[in-house]
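Residue numbers (the working numbering), protein chains in the order written: chain A, 15 to 240; chain B, 15 to 240; chain C, 15 to 240; chain D, 15 to 240. Even for Gly, the Cβ is constructed at its ideal location relative to N, Cα and C. Below is one structure, written out as structure tokens; comments come after it.
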């Protein structure tokens, strides 16, 4: 009898261990926007809440891998240690703002052709490990709705490059740039350059984090999160 | 008899002189786009043709005052010799492309607040001489129609500043930026960055010169050219 | 008798008034470095102290005309109201840091050829009013002594342009760039980028203000201050 | 007898093959300066000539791996295919000009801290394969000898970073920046910005290629080439 109870406990433990093992890992790979996403009000926490509401939180582990000032080539440099070593099931790449912004800010942005080259190199490494890859377009550098954000033309250009890469690599896209632009057209009547979805035109405020989490859920729930 | 003939000749001369005097001077004040406007296919020549068609060419002298690489403060520096000394009746200011473009190209663009300050200083000097002032918004840096021209956000910003200056100073505006954007939306299905109205995204081709001449005529004919 | 006393008092008053009138005006015309020079520890106050020590302060009125963010063309725009209207006897021009620095910082520096053109235009206007003109070279953008201040090559280039302008216009030069470089070679053994003569690599600390005041006195005392 | 001759021929062939196998591979890894180094007048060809004169050419295979527009992170991206796959014995890294130059030219230079990070990552990968690593400092952006090349301060800064990396990683340094500066001080009396060792201030002319080949030989012959 004791043996039976012991075996039952063992079976339950193994089952639980097995369930734990099957919790799928999603890594959010990006810059300071993603680094901040682990804060209480951050978009990773908000996505976790959405999953919890739908009783899905137990199946997914959301991991932040954001580093401030990162551009596409910084992701490439650190992807072995920060992403591949963690054996994720899916990676959400959210990069591009600094590649554009730092051209003006520091003279150290990224050429469009090299942005594409490094982006493809990252996807190739992830696909080689059978990791699902989701691409985000960069959301905003300035929130003005009348087409006068100084860098928005170049940002739109990099968003277009990412959409093209997504198609070429058969990856799903989370088109934050389009979502932000559409949202701001309706919700920024005073044409402010910050304060609707961001604190400073770039980094997400509470509304922005909720908005991004929802956009991510919408795409991830189509094929990955069930 | 001799005296009569002499008097007649004198009268004709005076009449002719008077007519010559009453030919109104319009100076086109700007950068390389305006420097090139005196070419056979340039927008000043094209505007002259429009006036000729309407039998108005005899009443207006169109004078080019464009210098390549000019920004707003260059106009201010040379306006005494190149504009005021010629005693124009009207001045069409067409500037702003280099103020934006050279930020990226050379690191020597113009801050938005100083752009506005110098622009106002130029208008003040012209108005003090009772010269009619027409303001053009800068037409284009890149002709792509999907909002991905790298500098278009900043260019739109400077166009918005010029519209604001026009209202504050009660000047007529020739809104080339809006006209170009609207035209390209309809006439650039392949989303090319040059070749519709410009040769290189900035300088006007033949179609662009005709287009600009027509835009200028549309505004000038409302109150100045009759 | 009363009349005599009255006349004597009148004579003294007129004499004093005359003396006051003959106090020579020196305007210091520049950017934020000069705007800060009116502070207690500022270089204008320090120069005033040097004059006081030599019992010369009563003969000279030192006037600050520095505005932060100014570049050469900003001086040209405001020179009528801020300099000529005050009828100075001498003007010390101290400009050039922002013309170089803002290329990198904001993309809105000044092209070398235009720097020279505006500088010459300013000198011409001052000389037309028989005002003595002193030119300063820009002192520093970074204090490192091993030739690794990122912008020092370009700054040296603008300093060389100013030296050339001084010769061409027969103006005295206050060569702060040379004086700073020589001083830092001897006095910056740790190769720090700030803290010897500046607070931040650009704006003068107390030692820097005293140093600049002395450099100015050395040159002004050769022909102007006696 | 025939068999003997055959065996002798075979032995000679094998000996030759063996010699060929032991020819040491040196890869020159860099940007357009190195891409051009394979031209008849290029520095790799010139170094080959120096080796030939000393009867050493048969022992070393010099391989060019230069790609125009490359910066430090581009080397990192392509080092597996372009360097490691070729199993070199030594790698001469000659990079840094574009990392500085493109800040101004295109707004896409490299931040100093990231330059260092990628440089170290490259060295680590090479050392892991027991490859000898030689570091060159970037030679020039402008040849003027009076410290007025606009970007020379920043270039000196990156050269200093490379010297520091060399010491930290115990790598030999080929200090082209120092060699160029010293040479130009003596050999550029007219203070020209190009034409002594370069065609355009950056890319080597014939004298420059010979000069660089000699500098490389001087260092390589200390421990690697014998």
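Beta-carbon of residue i versus every beta-carbon of chain B: anything under 9 Å?
{"i": "residue 124 of chain C", "result": "yes"}
{"i": "residue 59 of chain C", "result": "no"}
Quick one: using the 10 Å Cβ neighbour count with 16 as the cut-off for buried, is residue i buried or exposed?
{"i": "residue 200 of chain D", "result": "exposed"}
{"i": "residue 66 of chain D", "result": "exposed"}
{"i": "residue 229 of chain A", "result": "buried"}
{"i": "residue 36 of chain C", "result": "exposed"}
{"i": "residue 113 of chain D", "result": "buried"}
{"i": "residue 54 of chain C", "result": "exposed"}
{"i": "residue 102 of chain C", "result": "buried"}
{"i": "residue 178 of chain A", "result": "exposed"}
{"i": "residue 45 of chain C", "result": "buried"}
{"i": "residue 181 of chain B", "result": "exposed"}
{"i": "residue 164 of chain A", "result": "buried"}
{"i": "residue 189 of chain A", "result": "buried"}
Are the C-beta atoms of residue i and some chain D residue less than 9 Å apart?
{"i": "residue 44 of chain A", "result": "no"}
{"i": "residue 135 of chain A", "result": "yes"}
{"i": "residue 197 of chain A", "result": "no"}
{"i": "residue 117 of chain C", "result": "yes"}
{"i": "residue 236 of chain A", "result": "no"}
Can you name the residues of chain A whose CB is closer than 8 Å to the CB of residue i?
{"i": "residue 194 of chain B", "result": "Those within 8 Å of residue 194 of chain B in chain A number zero; the least Cβ separation is about 13 Å."}
Determine the DSSP secondary structure at residue i, reduced to helix, strand or coil.
{"i": "residue 226 of chain D", "result": "helix"}
{"i": "residue 40 of chain C", "result": "strand"}
{"i": "residue 147 of chain D", "result": "strand"}
{"i": "residue 195 of chain B", "result": "helix"}
{"i": "residue 76 of chain B", "result": "strand"}
{"i": "residue 106 of chain B", "result": "strand"}
{"i": "residue 212 of chain C", "result": "strand"}
{"i": "residue 165 of chain C", "result": "coil"}
{"i": "residue 186 of chain D", "result": "strand"}
{"i": "residue 218 of chain B", "result": "strand"}
{"i": "residue 48 of chain A", "result": "helix"}
Taking Cβ positions only, does residue i come closer than 9 Å to chain A?
{"i": "residue 110 of chain D", "result": "no"}
{"i": "residue 128 of chain D", "result": "yes"}
Name the chain A residues that come within less than 7 Å of residue i, Cβ to Cβ?
{"i": "residue 164 of chain B", "result": "167, 168, 171"}
{"i": "residue 132 of chain D", "result": "91"}
Residues of chain D with a CB under 9 Å from the CB of residue i: which are they?
{"i": "residue 120 of chain A", "result": "117, 121, 123, 125"}
Closer than 9 Å, CB to CB, is residue i near chain G or not?
{"i": "residue 97 of chain B", "result": "Within the model displayed, chain G is absent; protein chains A, B, C and D are what it includes."}
Return yes when the C-beta of residue i is under 8 Å from any heavy atom of the ligand FMN, and no when it is not.
{"i": "residue 170 of chain B", "result": "In terms of ligand content, the structure shown is empty, and the ligand FMN therefore cannot be addressed."}
Taking beta-carbon pairs under 8 Å, can you tell me which members of the region 139 to 161 of chain C lie near chain D? 156, 160, 161
Residues within the region 81 to 95 of chain B neighbouring chain C, beta-carbon criterion of under 9 Å: 83, 85, 87, 88, 90, 91
Contact list for the region 166 to 179 of chain C against chain D, Cβ threshold 7 Å: 166, 167, 168, 170, 171, 174
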